[in-house]
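Here the structure is laid out as structure tokens; the discussion comes afterwards.
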Amino acid sequence: MRTIKTDILIFGSGIAGLWLLNRLRAAGYSVLLLEQDRLGGLETLNANGIIHGGLKFGLSAMLRDVEDLDDMPALWRSCLSGTGDLDLSDVRVLAEHQYIWSEASLAARANTYFASRLMSGRVDPVDGVDRPAVLQNATFKGRVYRLSDLVIDMPSLVQALTARHRDCIYKVGGQNLHMEIDDRHNTTAVFITGAAMEPLRIHPNHVVLAGGQGNAGLLEDIGLREPAMAKRTVHMVMLKRPNLPSFYAHCIGPRRTPRLTITTHPTRDGEKIWYVGGEVAEEGAGLDERMQIEKVQRELKALLPWVDLRGARYKSFKINRVLPADDRRLLRTDNAFVQRIGNNILTWPCKLTLAPNLGRQVLNHLENAGIKPEHEQPSEPLPLLFPEIGQPIWETLFT
Ligand SMILES: Cc1cc2nc3c(=O)[nH]c(=O)nc-3n(C[C@H](O)[C@H](O)[C@H](O)COP(=O)(O)OP(=O)(O)OC[C@H]3O[C@@H](n4cnc5c(N)ncnc54)[C@H](O)[C@@H]3O)c2cc1C
Numbered sequence: 003m004r005t006i007k008t009d010i011l012i013f014g015s016g017i018a019g020l021w022l023l024n025r026l027r028a029a030g031y032s033v034l035l036l037e038q039d040r041l042g043g044l045e046t047l048n049a050n051g052i053i054h055g056g057l058k059f060g061l062s063a064m065l066r067d068v069e070d071l072d073d074m075p076a077l078w079r080s081c082l083s084g085t086g087d088l089d090l091s092d093v094r095v096l097a098e099h100q101y102i103w104s105e106a107s108l109a110a111r112a113n114t115y116f117a118s119r120l121m122s123g124r125v126d127p128v129d130g131v132d133r134p135a136v137l138q139n140a141t142f143k144g145r146v147y148r149l150s151d152l153v154i155d156m157p158s159l160v161q162a163l164t165a166r167h168r169d170c171i172y173k174v175g176g177q178n179l180h181m182e183i184d185d186r187h188n189t190t191a192v193f194i195t196g197a198a199m200e201p202l203r204i205h206p207n208h209v210v211l212a213g214g215q216g217n218a219g220l221l222e223d224i225g226l227r228e229p230a231m232a233k234r235t236v237h238m239v240m241l242k243r244p245n246l247p248s249f250y251a252h253c254i255g256p257r258r259t260p261r262l263t264i265t266t267h268p269t270r271d272g273e274k275i276w277y278v279g280g281e282v283a284e285e286g287a288g289l290d291e292r293m294q295i296e297k298v299q300r301e302l303k304a305l306l307p308w309v310d311l312r313g314a315r316y317k318s319f320k321i322n323r324v325l326p327a328d329d330r331r332l333l334r335t336d337n338a339f340v341q342r343i344g345n346n347i348l349t350w351p352c353k354l355t356l357a358p359n360l361g362r363q364v365l366n367h368l369e370n371a372g373i374k375p376e377h378e379q380p381s382e383p384l385p386l387l388f389p390e391i392g393q394p395i396w397e398t399l400f401t
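Residue numbers (my numbering): 3 to 401.
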């Protein structure tokens with residue numbers, strides 16, 4: 003049996019696993035990453051890609067601001083310009099700004115709401131040609147605000163985070179993997195077997211659980227049921243039509259979540275889709291595809307009646323958002339979740355946006371515990387395959 007020693011073993015190749023892979027290798031640790039399915043994660047590749055600032059939406063958010071998120075767009079921007087924690091200069095930025103628009107009936111209240119934030123420079127009112135093209139129609143009487151939030155292309159992010167690490171990312175299905183745990187929940191070894199391969203034994207100094215909703219199973223493997231995980235189903239709608247205008251905006255409503263969130267994404271056939279979430283996606287979790295599409299069509303007609311969407315094709319898709327099941331955190335996801343359990347580090351980023359915070363927390367944990375790089379990267383590749391690179395759901399639904 004071949005035995006490998008590594009400083010860190012990561013499970014999962016969503017944003018949590020890939021961000022940490024890059025940060026930990028840059029800090030000199032030897033790292034192996036195991037993915038059970040396709041590369042790029044489930045939530046990650048199907049995210050809207052908005053890098054949120056600290057602003058919460060909805061007039062009710064006046065009660066509860068999320069200041070800690072404030073730093074995130076700037077941290078991402080420094081990575082995107084190649085000067086930050088990571089070099090993401092190859093990542094495609096889809097939009098430099100996400101906008102907020104309000105209906106005419108809410109405009110006055112929205113004005114009051116945003117007035118308190120204009121001073122901080124996070125929100126700018128915009129008029130005329132400064133508005134997104136979709137909101138320049140003469141019949142539109144609402145307000146428009148520009149946020150510091152940017153929108154990034156998820157496949158290009160996954161590409162950038164994996165390009166330099168093909169030598170340490172491997173696909174391993176759960177049936178081929180066995181974890182050896184001691185009575186303090188330390189992962190002492192991970193065994194990998196396969197039909198045509200010599201069995202492998204990996205001795206990790208530390209293990210990162212970055213499996214998104216797969217973390218529940220990984221926790222069970224180390225003999226634990228807690229910290230528990232919460233799943234919130236959202237029912238997203240996609241629409242595709244030739245010459246769809248690019249649009250990145252939240253429609254503000256009276257609630258905590260935007261009434262509608264729209265982002266635009268390029269598809270491999272050279273067209274674009276609108277990806278529609280927000281309150282309509284949260285409330286539509288129990289609806290079937292036909293009902294959910296009809297609901298979104300009604301919303302689009304009510305909120306953007308001048309946009310010609312004739313001939314558009316619609317698809318819907320249900321997906322879970324995964325968060326730690328701590329009530330307080332369900333309300334305030336302003337930090338990534340990181341917890342050490344023996345030599346395991348459990349992570350839930352809670353938002354794509356919080357990846358830099360996740361990276362810093364994990365590195366701080368290691369530094370505070372005096373854990374230094376010890377082993378070299380394996381000199382020979384492991385007898386395992388590199389996983390197939392995943393794609394956002396719309397690439398398969400519209401074919
Ligand atoms: C529809 C939607 C839109 C969103 N939009 C935004 C947004 O605009 N901005 C934002 O900040 N956040 C957004 N989010 C949230 C964000 O996408 C998630 O918080 C983040 O992507 C979660 O990343 P992750 O790495 O934890 O999980 P995932 O991306 O789900 O990746 C987990 C990976 O681990 C693998 N895995 C699981 N178990 C194992 C195992 N035992 N062994 C090996 N591998 C395993 C899985 O196969 C998967 O590849 C959105 C979420 C959803 C659902």
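Beta carbons: idealized from backbone N, C-alpha and C, even for Gly.
Residue pairing from DSSP leaves Gln177 without any beta-bridge partner. Thr266 sits in a strand when the DSSP states are folded into three classes. At the C-beta level, Ala97 and Leu354 stay beyond 9 Å of one another. In chain order, Ala338 place their CB closer than 6 Å to the CB of Leu356, counting only its own chain and leaving out the 5 sequence neighbours on each side. Ile53 sits in a strand when the DSSP states are folded into three classes.
Shown here, Pro127 sits in a strand according to DSSP, grouped into three states.
For Met238, the Cβ falls inside the 8 Å cut-off from some heavy atom of ligand 1. In the three-state DSSP reduction, Ile17 falls in the helix class (H, G or I).
Residue Arg292 holds the alpha-carbon nearest to the alpha-carbon of Tyr316 among Arg292, Pro307 and Val309.
Distances taken from the Cβ of Gly213 to the heavy atoms of ligand 1 include one shorter than 8 Å. In terms of Cβ geometry, Ile264 and Ile102 do not form a close pair [threshold 9 Å]. Shown here, Leu96 sits in a strand according to DSSP, grouped into three states. Glu45 places its beta carbon 9 Å or farther from that of Gly196.
Look at the segment 282-355 and you find these whole runs of alpha helix (DSSP H), each 4 residues long or longer: 291-305 and 329-333.
In this structure Leu387 is exposed. Its beta-carbon is surrounded by fewer than 16 other beta-carbon atoms within 10 angstroms.
In this chain, Leu163 is not harboured by any beta strand (DSSP E); it is covered by the alpha helix (DSSP H) spanning Met156 to Thr164. Taking 8 Å as the cut-off, one finds no heavy atom of ligand 1 near enough to the beta carbon of Gly196. Only buried fits Gly280, as 16 or more other CB atoms lie within 10 angstroms of its CB. Under the three-state reduction of DSSP, Leu35 is assigned to strand.
Contact between Ile154 and Thr189 is ruled out by a C-beta separation of about 33 Å, above the 8 Å threshold. Under the three-state reduction of DSSP, Pro201 is assigned to coil, being neither helix nor strand. With contacts defined by Cβ atoms closer than 9 Å, Glu397 and Thr269 form a contacting pair. A direct Cα-to-Cα measurement between Arg4 and Leu202 gives close to 5 Å. Within 10 angstroms of the beta-carbon of Thr141 lie fewer than 16 other beta-carbons, which makes it exposed.
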